[in-house]
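Visitor: Sharing a structure, written as structure tokens. Questions coming.
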Amino acid sequence: MTVGVLALQGNYEKHLEKLESLDCPAVLIKYPNQLSQVDGLVLPGGESTCMTLLMEKTGFHTAVSKFAKEKPIFGTCAGLVLMASESNDSRIASLNLIDVTVDRNGYGRQVHSGIHPVELKLNGHTISESSMFIRAPKITRIGGNVEIIGKMGMDPVAVRQDHHLASCFHPEMSQDSNIYSLFLEMIHSHCLANAV
Ligand code: GLN
């Protein structure tokens, strides 16, 4: 099982390091044709408007949309903005993978960034983690088929729909790796379910 990390812009190196620290073979994805080599894809945090422009210019928008029909994607922060079916910014070309509405920078600007406790619901257990929010999007609407995986107080901050996962925070910046384990499990069960 190999996981790709989209490496157009943003914090992709840290995701790669984190996956490698979990003994998961991981590769930076710089060209759309590399997607055929991976079983799951991470869309990192960064700047969703910039990533939209780069994805449209390089053919990644179409390639990732196609990839998503077959394989799991985990979007973090700006990655969530791209995956959300709706956002408050018309410059974002949505991949429309998770039926939520997000408010870009909904948790404030850079000066409001910080580490906050998040409760994750994983395999029936609730785990508390310290998670980093950096100009994070706020989820303002949850669609009917969306499962809430993580909460900060009353706010949903990690969500799953079908074989896709997304978080408002930056798990690659934290000591914990529970949400990566969930993503790797999702890839594993998706591979098994689709094995001929
Ligand atoms: N505010 C950024 C955006 O909307 C996301 C910030 C981040 O990924 N840390 O694109």
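Residues in the sequence shown are numbered from 11 upward in steps of one, following our numbering.
We treat Cβ as the ideally placed atom computed from N, Cα and C, and that holds for glycine.
Keep in mind the model is a prediction, meaning the values are calculated, not measured.
In terms of residue numbering, what span does the alpha helix (DSSP H) encompassing T72 cover?
Guide: T72 -> alpha helix (DSSP H) spans F70 to E80.
Visitor: Within a Cβ cutoff of 6 Å, which residues of the same chain sit near S177, ignoring the five residues on either side of it in sequence?
Guide: Contacts found: T86 and A168.
Visitor: Give me every residue whose Cβ sits closer than 5 Å to any heavy atom of the ligand GLN, in chain order.
Guide: With the cut-off at 5 Å, the residues found are G55, E57, S58, C87, A88, V91, R114, N115, I144 and R145.
Visitor: Quick check: what's the CA-CA separation for P35 versus Y190?
Guide: Between P35 and Y190, the C-alpha separation is close to 13 Å.
Visitor: Looking at T111 and A94, is the spacing between their C-beta atoms short of 8 Å?
Guide: A contact, by the Cβ cut-off of 8 Å.
Visitor: Under three-state DSSP, which class holds K24?
Guide: In the structure shown, K24 sits in a helix (DSSP, three-state: H, G or I).
Visitor: Could you tell me which residues DSSP puts in a beta bridge with S140?
Guide: Bridge partners of S140: P127.
Visitor: When you compare only the Cα positions, how much space is there between Q44 and L16?
Guide: Going from the Cα of Q44 to the Cα of L16 covers about 10 Å.
Visitor: DSSP puts L132 in a beta bridge; with which residues?
Guide: Paired residues: H135.
Visitor: Assuming M162 is part of the beta strand (DSSP E), what are its boundary residues?
Guide: Here the beta strand (DSSP E) through M162 covers E157 to M162.
Visitor: Rank L130, V91, G50 and S100 by C-alpha distance to the C-alpha of K81 and give the top, closest one.
Guide: K81 has its Cα closest to that of G50, out of L130, V91, G50 and S100.
Visitor: In its own chain, which residues sit with a C-beta less than 6 Å from the C-beta of F84, not counting the 5 before and 5 after it?
Guide: So the list reads V52, L175 and F193, once near-sequence residues are dropped.
Visitor: Just to check my reading of the structure: G55 and A88 have Cβ atoms closer than 8 Å, yes? What is that Cβ distance to the nearest angstrom?
Guide: Their Cβ separation, rounded to whole angstroms, is 5 Å, which keeps G55 and A88 in contact under 8 Å.
Visitor: Alpha helix (DSSP H) containing H174: first to last residue?
Guide: Here H174 belongs to no alpha helix (DSSP H); instead the beta strand (DSSP E) covers H174 to S177.
Visitor: Hey, D109 and Q171 are a contact pair by Cβ (cut 8 Å); roughly how many whole angstroms apart?
Guide: About 6 Å; that satisfies the 8 Å criterion.
Visitor: What three-state label does DSSP hand G89 in the structure shown?
Guide: In this structure, G89 counts as helix in the three-state DSSP scheme.
Visitor: Give the secondary structure of Q185 by DSSP, where H, G and I count as helix, E and B as strand, and everything else as coil.
Guide: It is coil, neither helix nor strand.
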